[in-house]
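Numbering follows our numbering, in which position 61 of the sequence shown is assigned residue number 61; successive positions increment by one, without gaps.
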Amino acid sequence: MELHKKAITKLEETLAHDDPDDIVTLSDQLDDAQKHQSHLEQGLHQKTMMLGVSEQADLRKLQHDVFLRLRMNALALKQRLRDRLRQRKFEIERLERSYRRSANGESCPPILHLLMLISCQIRNCMDMLKGH
Numbered sequence: 001m002e003l004h005k006k007a008i009t010k011l012e013e014t015l016a017h018d019d020p021d022d023i024v025t026l027s028d029q030l031d032d033a034q035k036h037q038s039h040l041e042q043g044l045h046q047k048t049m050m051l052g053v054s055e056q057a058d059l060r061k062l063q064h065d066v067f068l069r070l071r072m073n074a075l076a077l078k079q080r081l082r083d084r085l086r087q088r089k090f091e092i093e094r095l096e097r098s099y100r101r102s103a104n105g106e107s108c109p110p111i112l113h114l115l116m117l118i119s120c121q122i123r124n125c126m127d128m129l130k131g132h
């Protein structure tokens with residue numbers, strides 16, 4: 001919700017300071033974003049109203065629970081790290097393959113050796129993350 005509000009604010013600022021050529025498309029994007037925001041708020045309001053008194057109290061406790069917030073942030077960070085490691089691993093493997101194709105059997109230069117060491121370290125990091 002907060003990210004969506006920030007996007008709406010950014011669109012409003014862009015609309016206020018941008019060229020007149022883009023006003024039509026920006027205003028359409030802004031209208032769509034505002035409609036989507038109001039739809040999300042209505043859905044959230046309806047779902048919270050469907051909760052009973054005790055469920056609403058539990059929801060408020062969960063929203064202000066520091067441990068839960070830290071745990072969710074840690075899980076999100078862990079996922080982003082895994083994704084980044086996976087992405088770098090494939091980039092390094094692509095570099096290694098392209099170099100091997102271009103070298104065609106020549107001796108292993110220091111840069112390839114360095115790339116292989118980095119890819120091994122990334123694999124070790126991924127194995128460590130899988131263990132947690």
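Idealized CB from N, CA, C, for every residue including glycine. None of these values were measured; they are calculated from a predicted model.
query: Cβ-Cβ separation, residue 122 to residue 97 (assumed contact under 8 Å), whole Å; result: Actually they are not in contact, since the Cβ atoms of residue 97 and residue 122 sit about 16 Å apart, beyond 8 Å.
query: Residue from 85, 102, 69 and 99 with nearest C-alpha to residue 120; result: 85
query: For residue 30 and residue 41, believed in contact at Cβ under 8 Å, the rounded distance; result: Actually they are not in contact, since the Cβ atoms of residue 41 and residue 30 sit about 16 Å apart, beyond 8 Å.
query: Secondary structure, alpha helix (DSSP H): runs of 4+ residues fully inside the region 1-78; result: 2-17, 23-50 and 53-63
query: Inter-residue Cα distance where the pair is residue 95 and residue 117; result: 13 Å
query: 8 Å contact criterion, which residue 92 and residue 114 should meet: CB distance rounded; result: That belief does not hold up - the Cβ atoms of residue 92 and residue 114 are roughly 10 Å apart, past 8 Å.
query: Cβ-based neighbour list, residue 14, same chain, cut-off 7 Å, excluding 5 preceding and 5 following; result: 26
query: Short Cβ contact (8 Å threshold) for residue 129 with residue 82; result: yes
query: Residue from 55, 9, 68 and 90 with nearest C-alpha to residue 33; result: 9
query: Straight-line Cα distance separating residue 5 from residue 57; result: 26 Å
query: Among 45, 73, 37 and 111, nearest to residue 3 - alpha-carbon criterion; result: 37
query: Inter-residue spacing [alpha-carbon to alpha-carbon] between residue 102 and residue 126; result: 29 Å
query: Beta-carbon gap between residue 70 and residue 62 smaller than 8 Å; result: no
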